[in-house]
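Peer 1:
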Amino acid sequence: MASEQIFPKGFGGLKTAEEIEAVGARKWNVLREDLSLPAAVLVKPRVEHNLRWMAEFVQKYGVFMAPHGKTTMAAKLFARQIDAGAWGITLATAQQCAVAHAHGVRRILMANELVGRANFELVSDIIAGGTVFYTLVDSLDLVHQLGAFFQNKGQQLRVLVELGVHSGRTGTRTDGQTQAVVDAIAQWRGSLLLCGVEVYEGVLKDEAGIRAYLGRAVDTVKQLQEQGAFAQGERVILSGAGSAWYDVVADVFAPVRDVVDVVLRPGCYLTSDAGIYRVAQQEIGQRNSIAKEVDAERGATLQSALEVWAYVQSVPEPGLAIVGMGKRDVAFDSGLPVVVWHFRPGAHQKPVRASSAWETTKLMDQHAYLQIPQDADIKVGDMLGFEISHPCLTFDKWRYVAVVDESYNVLEAVPTYF
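For the sequence shown, the positions run 4 to 421 when my numbering is used.
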């Protein structure tokens with residue numbers, strides 16, 4: 004039936020979810036033009052390298068990891084992260100948490116405040132389904148709303164108090180505010196379980212300020228332990244870390260790992276990128292001795308594993324090529340995509356490195372402007388492979404992402420659930 008035909012980007016020849024699920028059996032290859040371009044691809048060996056790299060990093064620190072699932076919103080990738088040793092999956096919204104629960108994730112940290120009745124209902128269903136679920140609180144109003152709702156449901160909700168910074172995002176700003184929230188949680192002892200402390204250091208930009216903020220979190224945990232504020236029978240959690248400062252979080256939090264479960268939450272490590280997270284990882288490799296060890300043992304740091312492939316559509320004037328890829332296909336908030344591969348069907352045996360003189364200068368909805376030398380060897384129909392900056396805002400543009408090997412043979416399709 005027509006209603007079953009989905010025609011996803013990249014898989015235009017396949018019309019149903021069942022056909023896409025079996026795509027590996029078709030022995031397709033990106034370079035043979037078996038996919039409809041533009042197409043997003045994950046290079047499997049690089050993803051596997053990144054999984055092993057991060058698993059070794061956290062193991063050396065003796066901490067846990069709950070990677071942020073909002074990056075990919077791909078249940079198949081969640082499963083690979085858990086198989087590689089992840090403690091659980093972090094998510095940002097109740098809908099995202101419901102997706103993860105529906106696909107078998109049984110420990111979820113919602114690193115955000117849970118607000119609103121419909122969202123409460125989603126989480127109630129998740130808890131009823133047996134998933135261990137944590138969320139954040141930073142205000143008296145929210146504590147009382149959650150306490151009343153889950154009391155009426157006859158359920159217990161695990162919460163972490165979130166510490167914030169002035170002009171930052173969510174989180175208590177002062178020790179007095181934190182204590183007031185903790186005291187309010189105690190009033191709902193039957194429906195709310197205080198299980199730890201959470202921070203997000205990415206709102207700060209300098210290492211000294213971040214270390215001070217993280218130190219405040221460690222001190223807060225110690226003070227609350229002395230008060231006996233945490234729920235009996237629950238492991239105390241101390242959690243932080245996005246994808247840019249996870250090494251500093253591990254460095255500050257690891258000394259208390261014997262008395263709390265330290266949980267890091269980087270998400271972009273799985274694919275890394277050629278922009279902001281490549282730069283962040285280079286800085287981590289320069290300042291952190293454990294990262295240097297893992298780089299040496301693994302032979303490389305995190306690798307850029309997510310690419311978007313597209314055709315040259317037009318070379319309308321000297322010095323300019325127009326590519327069939329735009330804002331609907333690739334992130335553009337933290338830097339424009341970088342062309343790294345050039346392949347000419349019928350002429351090249353394998354992709355060649357694109358000239359460093361080829362530069363993406365502008366994106367429209369479905370087009371990219373590529374500045375090139377006037378004598379550049381580039382033609383209509385050429386295939387270009389782009390690396391990206393900011394995987395979160397590339398994944399969310401694709402219903403399915405192709406997983407390929409280094410020869411661009413299509414191994415499987417990974418659905419996303421944005």
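All C-beta atoms in this analysis are idealised placements derived from N, C-alpha and C, irrespective of residue type, glycine included.
All values derive from a computational prediction rather than experimental measurement.
Just mark residue 230 as buried or exposed, buried being the case when its beta carbon has 16 or more other beta carbons within 10 Å.
Peer 2: exposed
Peer 1: Which value, in whole angstroms, describes the spacing of the CA atoms of residue 323 and residue 133?
Peer 2: In this structure, the alpha-carbon of residue 323 lies about 56 Å from that of residue 133.
Peer 1: Would residue 141 be called buried (16 or more neighbouring beta carbons within 10 Å of its own) or exposed?
Peer 2: buried
Peer 1: For residue 202, name the three-state secondary structure that DSSP assigns.
Peer 2: coil
Peer 1: Run through DSSP, which three-state label would residue 243 get?
Peer 2: strand
Peer 1: Quick one: complete alpha helix (DSSP H) runs, 4+ long, within the stretch 103–160?
Peer 2: 120–131 and 143–156
Peer 1: Quick check on the burial criterion: 16 or more other C-beta atoms within 10 angstroms. Buried or exposed for residue 167?
Peer 2: Under this definition residue 167 is a buried residue.
Peer 1: In the DSSP assignment, what residue or residues form a beta bridge with residue 344?
Peer 2: 356 and 388
Peer 1: On the CB-based measure, 16 or more other CB atoms within 10 Å of its CB, does residue 21 come out buried or exposed?
Peer 2: exposed
Peer 1: Pick helix, strand or coil for residue 56, following the three-state DSSP scheme.
Peer 2: helix
Peer 1: Grab me the residues of residue 243's own chain with a C-beta within less than 6 Å of its C-beta, minus the 5 sequence neighbours each way, in chain order.
Peer 2: 202, 204 and 252
Peer 1: Which stretch, first to last residue, makes up the beta strand (DSSP E) that contains residue 413?
Peer 2: Here the beta strand (DSSP E) through residue 413 covers 413–418.
Peer 1: Per DSSP, what kind of secondary structure is residue 399 in: helix, strand or coil?
Peer 2: In the structure shown, residue 399 sits in coil (DSSP, three-state: anything other than H, G, I, E or B).
Peer 1: Could you spell out where the beta strand (DSSP E) holding residue 362 opens and where it closes?
Peer 2: 362–366
Peer 1: Report the three-state DSSP secondary structure of residue 285 (helix, strand or coil).
Peer 2: helix
Peer 1: Count the other C-beta atoms from every protein chain shown that fall within 10 angstroms of the C-beta of residue 364, then say buried if there are 16 or more, exposed otherwise.
Peer 2: exposed
Peer 1: From the DSSP output, in three-state form, read off residue 274 for me.
Peer 2: coil
Peer 1: Assign residue 76 to buried or exposed, taking buried as 16 or more other Cβ atoms, counted over all protein chains shown, within 10 Å of its Cβ.
Peer 2: buried
Peer 1: Check whether the Cβ atoms of residue 66 and residue 260 lie closer than 8 Å to each other.
Peer 2: yes
Peer 1: For residue 18, which option in 82, 397 and 9 has the closest C-alpha, if you only look at C-alpha atoms?
Peer 2: 9
Peer 1: Could you tell me the alpha carbon to alpha carbon distance between residue 4 and residue 42, rounded to whole angstroms?
Peer 2: For residue 4, the predicted structure reports a pLDDT of 40, less than 50, and the residue's modelled location is therefore unreliable. A value from the coordinates is still provided. If you take the alpha carbons of residue 4 and residue 42, they lie about 26 Å apart.
Peer 1: Roughly how many whole angstroms lie between the Cα atoms of residue 308 and residue 250?
Peer 2: 21 Å
Peer 1: Taking the DSSP output, what are the residues bridged to residue 43?
Peer 2: Residue 43 is bridged to 311.
Peer 1: Please go through the same chain and pick out, in chain order, the residues whose beta-carbon is closer than 7 Å to the beta-carbon of residue 73, but skip the five residues on each side of it.
Peer 2: 94, 95, 99, 270 and 395
Peer 1: Using alpha carbons as the reference points, say which of 378, 287, 148 and 85 lies closest to residue 190.
Peer 2: 148
Peer 1: Distance, Cα to Cα, residue 233 vs residue 46?
Peer 2: 43 Å
Peer 1: How long is the line joining the alpha carbons of residue 338 and residue 361, rounded to whole angstroms?
Peer 2: 15 Å
Peer 1: Which residue comes first and which comes last in the beta strand (DSSP E) that contains residue 379?
Peer 2: Note, residue 379: premise wrong, no beta strand (DSSP E); not H, not E.
Peer 1: Kindly give me the distance between the Cβ atoms of residue 34 and residue 14, rounded to whole angstroms, as I take these residues to be in contact under 8 Å.
Peer 2: Not quite, the Cβ-Cβ distance comes to about 16 Å (not below 8 Å), so this is no contact.
Peer 1: Rounded to a whole number of angstroms, what is the C-alpha to C-alpha distance between residue 296 and residue 284?
Peer 2: 14 Å
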